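Residue numbers (my numbering), protein chains in the order written: chain B, 21 to 148; chain S, 287 to 712.
We put the beta carbon where it would ideally sit given N, CA and C, even for glycine.
Remember, it's a predicted structure, so these values are computed and weren't measured experimentally.
Each remark here refers to the structure printed beneath this line.
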Amino acid sequence: MRESIGSNVRSHCVGTTAVVYASDYLNKLTGERIEHECKKQLDSGARALVIDFSDTELVNSIGISILLGIIDIAEKSGALVVFSDVNDKIVQLFDMLGLTLHVVLAKDEQEALSGLSSLLTQTRSIGH
Amino acid sequence: MESNTQKLVHSFGALADLGQEIADTGDFIEMVRTSLRLLLGTLAIRRGAIVECPAQLETTNPLVLWGLGNDYEARFLIDAATRDAFLTSDKGAFEVAEEGVVKEPALQSFLETHRPEYRVHLIELIVPMIVRGNLTGLVLLGGKASGKPFRSDDIEVIRAMVRHIGVGIHTHRLLAEVKHQADENRRLYFDLRGIYRDTVRAFAAAIDMKDKYTQGHSERVGKYSEIIARELGFGEEEVEGMAIAGYLHDIGKLVVERDIINAPYHIDAKQSSELNRHPAAGFEILSPIHHPYADIPLMARYHHERMDGHGYPDGLTGTQIPLGAKIVTVADSFDAMTTDRPYKTRRSFDEVIRDFRSNTGSQFDPVVVSAFCRALLKELNGETKERRFLKMLGKNYLNAEKDAPLIRKLLTELDPNTTATAAGSA
């Protein structure tokens, strides 16, 4: 498992899945750092992204726009996106805005990784 | 939290963030980019663009595009009729999917022309950005992440935010125009100052032409004055002003008989009195002119005043004499001593130093003489890039090995506390 805190964004990789940790307030500054980290992970070959919101209390409009951008980039790369450990208030916001139509929500990072692990195994088998 | 309330809170937060973003006068494109992303994030719209409609052009200028693909340019022709139609239409936003609902023929035609490309790039909504009755730009928006159509309250939120963004762009453009005007004025001002300087130099040459023995005197006094002013820590503009004062200090000689100026012998009292008119005459000549620098006429008037009050024309003493005039006095005297005159050849450097020593305090201000000596010493020590004294005095006049100690000694006598640090070590 590799771990890095480039641009103050904590992340690590589990196989071909990158786990990126969102900060307490997802705004322009912190959002762009996460966006940069996600792009970097996708460019390095990640086939799935888990964005962990366990520390996140608030997401503003630009944070939403940045998450949509990450979803777009991941879709174009054929990668899956999972949001883990999102608090109820933010889940409501994501639901209201339709983000949950484009990502999978997981209770926590562990659930996200195990769910992705089986999905990616299936995809690989289909690929063969 | 109820969904509607949550949506309101989210939208208000976005408006507050947008206000802050627009107030930021930094990077314009970054401001527009962030504004677009704030707008997109408010309703989770996946793609969009902001294009500008410059009043003087018929083609839009794309400012920021998001999620529309790298090949999309978002350039449209907007003729006067279309522009007017956007301004007068009672619709604040145009849905691409709605065909035949726009009344204005110019708008109908515009939307029909571009509908195919909007569909290709998944653009669903066109919102004109209108500021103070002018079409500032257009905002193109894709669909919402929810896949649901835009509701009327969505459109209201979008229009409010687009108005904000429009004001931001309009304000920025106004500021840019003001800055452009200011830059243009500054350029004109520098051009005028250049013309002024050239004119002054031409005058200086004209003054010196009258005196066949002192050609280049005014120009050299200008340069020495500039050197002293810089050594005294004057600002760049004041240094320039001192150079000008040096160039013009003898302008009053234009009214003095040429024979008196060029007399190859010591002039008599009457002639001397005639010659001594030149500082006051210079003041009279220079006073009606609006110089870009302060006190030029006064420096011409007082450049023959002395610290002890025995100078002319007004017999001022010490602090009554402006510092600029004292600088011109030293520069003028140094050039007079170091150039050949009708009645005597130039003095050697140690004679000049002796003159400074005996006349500082009575004729010259010690502060000015010190500054002059420090500047000269720096050049002799090789601390200056330009060899300005050497150029004016000729290469055989100064001898660093012999003259530098003389200067250092005089400096120590004038101001024993500051000499060592200000003029290089012995």
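Per DSSP, N47/B is not a residue of any beta strand (DSSP E), being assigned neither H nor E. Annotation for G538/S: R563, H564, P565, A566, A567, G568, F569, E570, I571 and A586 place their beta carbon closer than 8 Å to its own, counting only its chain and skipping 5 residues before and after.
With a cutoff of 8 Å on beta-carbon distance, H400/S and F362/S are scored as near each other. Taking C-alpha positions only, P583/S is separated from E524/S by approximately 14 Å. Taking a 10 Å sphere around the C-beta of L474/S, we find fewer than 16 other C-beta atoms and assign the residue as exposed. In the pairwise beta carbon analysis, the region 82-99 of chain B is classified as touching the region 34-51 of chain B: at least three pairs are separated by under 8 Å. According to DSSP, residue pairing for M495/S in a beta bridge does not occur. Here R627/S is bridged, per DSSP, to K630/S. Just so you know, the alpha carbons of L427/S and I481/S end up roughly 54 Å apart.
Across the structure, T698/S and L666/S are spaced so that their CA atoms are roughly 17 Å apart. Contact of R694/S with chain B is not assigned, every C-beta pair being separated by 8 Å or more. In terms of beta-carbon proximity, I84/B lines the interface with chain S, with at least one pair separated by less than 8 Å. Neighbours of G433/S across chain B, judged by C-beta separation under 9 Å: G118 and L121. The residue among D651/S, M593/S and I513/S with its C-alpha nearest the C-alpha of K664/S is I513/S.
Within the same chain, Cβ atoms closer than 7 Å to the Cβ of S648/S are found at R592, M593 and D594, the five residues on either side in sequence being excluded. Counting along the chain, the unbroken beta strand (DSSP E) around C33/B starts and ends at S31 to V34. When C-beta atoms of the region 71-81 of chain B are compared with those of the region 95-112 of chain B, three or more pairs fall below 8 Å, so the two segments count as touching.
Considering only A383/S, A392/S, V382/S and D365/S, the residue with the shortest C-alpha distance to S375/S is A392/S.
Shown here, L322/S sits in a helix according to DSSP, grouped into three states.
The CB of K48/B comes closer than 9 Å to the CB of D303, E307, T320, R323 and L324 in chain S, given here in chain order. Here the alpha carbons of G527/S and L561/S stand approximately 25 Å from one another. For M593/S, no beta strand (DSSP E) encloses it, and the DSSP letter there is neither H nor E. Taking 8 Å as the threshold, the shortest C-beta distance from A468/S to chain B does not fall below it. Using a CB distance cut-off of 8 Å, H296/S counts as an interface residue toward chain B. The closest CA to that of H576/S, considering only Y683/S, L478/S and F380/S, is found on L478/S. Of K434/S, F436/S and I455/S, the smallest CA-CA separation from N420/S is found for I455/S. By the criterion of a C-beta distance shorter than 8 Å, E131/B is surrounded in its chain by S104, once the five residues flanking it on both sides are discounted.
For the set S619/S, G680/S, K612/S and R673/S, the Cα lying nearest the Cα of P652/S is the one of K612/S. Counting only residues of its own chain and dropping the five nearest sequence neighbours on each side, A371/S has a CB closer than 6 Å to the CB of E390, A392 and L393. Annotated three-state conformation of A335/S is strand, per DSSP.
Rounded to the nearest angstrom, the gap between the Cα atoms of A38/B and A126/B is 15 Å. Taking A360/S as the centre and dropping the five residues before and after it, the same chain places the C-beta of A335, V337, T346, P348, L351, L354 and L426 closer than 8 Å to its C-beta, in chain order.
Only those residues of the region 94-107 of chain B whose C-beta falls short of 7 Å from the nearest C-beta of chain S would be listed, and there are none. Distances from the alpha-carbon of A431/S to those of D44/B, E55/B, I91/B and A42/B put I91/B closest. For R332/S, the nearest CB of chain B lies under 8 Å from its own CB, placing it at the interface with that chain.
G353/S reaches chain B at L88, G89 and D92, counting residues in chain order whose Cβ is nearer than 9 Å.
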